[in-house]
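> I am attaching a structure below and will ask some questions about it afterwards.
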Amino acid sequence: MEDWIIKPRVLITRARDDAGQVFAAFKDRLEPVYYPVFTITPDWDKDKLDGFIADLDKYNWIFFTSKNSVRILLEILKERNVKISERTRIAAVGHKTAELVESYGLKISLVPHHENAVGLLAAFQSCGCHRGPQYIALPQGDAAPPTLKNGLTRYANRVKCIMLYKTEPTDPGELHAVDMKNIDYFIFTSPLSVRFFKDIHNNIADSVWIAAIGEPTAEALKEHFREPDFIPEKADLNEIVEKIKERL
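The structure is reproduced here in structure tokens:
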């Protein structure tokens, strides 16, 4: 009998490895469609990275704005047996990024309530951490917006960006063929996911329900498609899936 049940289809712009666990508890009620519209490729300038690591102890802060930057940088340091000084404070753009940092045995000093670059800047200022010239490291990808770097620079801090990975659109031929007319719910996980999805598919039906992780993603949706139906308070996929569950 269960085989006859038509499950609502939920498209998410992430790979199964990144989002499968979120849907595991709802496998009998939802059919996730994993549609990763971009790929992350580790890529850095060796000389610049070597110079950064050699001067690592001079940095007062490291700001992590994605789990990719956490994973890539901390794995590099682990391979080289280099430890981040206890004097260096660590900020994370959201609680999921913070959890990944802590899984490496490091302490988080700052996580904003509003999990985006603007929220991180506001939290940095409100705690008084911005006072005085400081060295701040900002590991990120090539597509990172300049919001955080520009904001930190306004506080007269010395900000060093360390490019660690490239973000490239997935070849449409490598994605599973999906009939978008049969999708009931869409989950967009970043502004880039919206843009790359738009490049492949020109429209989304007005009748479907759309969720966006974070205000920047919501702004991208409004620019390319329409305003999302739901934005979780935290950048948390679980909250979105719970919201979908409420609608069933």
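In this text, residue positions in the sequence shown follow our numbering: the first is 6, and each later residue adds one. Where a beta carbon is used, it is the ideal one built from N, C-alpha and C, also for glycine.
For the beta strand (DSSP E) that contains Thr172, what are its first and last residues?
Where Thr172 is concerned, the enclosing beta strand (DSSP E) stretches over Arg163 to Pro174.
> So, does the segment 173-181 touch the segment 29-45, judging by three or more C-beta pairs under 8 angstroms?
Result yes; three or more Cβ-Cβ pairs closer than 8 angstroms.
> Considering only residues of the segment 89-127, which uninterrupted alpha helix (DSSP H) runs meet the minimum length of 4 residues and lie entirely inside it, listed in chain order?
Entirely contained in the segment 89-127, the alpha helix (DSSP H) runs reaching 4 residues are, in chain order, 100-108.
> Within the same chain, show all residues whose beta-carbon is closer than 8 angstroms to that of Asp48, passing over the 5 residues directly before and after it, in chain order.
Same-chain partners within the cutoff: Asp147, Met168, Leu169, Tyr170 and Lys171.
> Could you compute how far the alpha carbon of Ile245 sits from the alpha carbon of Phe235?
Those two C-alpha atoms are separated by around 8 angstroms.
> Apart from the five residues just before and just after Thr158, which ones in its own chain have a Cβ nearer than 8 angstroms to its Cβ?
Hits under 8 angstroms: Val164.
> Rounded to whole angstroms, what's the CA-CA distance from Leu61 to Ile89? Just pull it up for me.
Distance between the alpha carbons of Leu61 and Ile89 is about 7 angstroms.
> Using only the alpha-carbon positions, how far apart do Ser198 and Thr18 sit?
In a straight line, the C-alpha of Ser198 is about 6 angstroms away from that of Thr18.
> Nearest by alpha-carbon distance to Val123: which of Thr102, Glu104, Ala103 and Pro151 is it?
Of Thr102, Glu104, Ala103 and Pro151, the residue nearest in Cα terms is Pro151.
> Report the residue from Glu251, Ile67, Lys32 and Lys227 whose alpha carbon sits nearest the alpha carbon of Gln145.
For Gln145, the nearest C-alpha among the options comes from Ile67.
> Put Leu35 into one of helix, strand or coil per three-state DSSP.
Coil.
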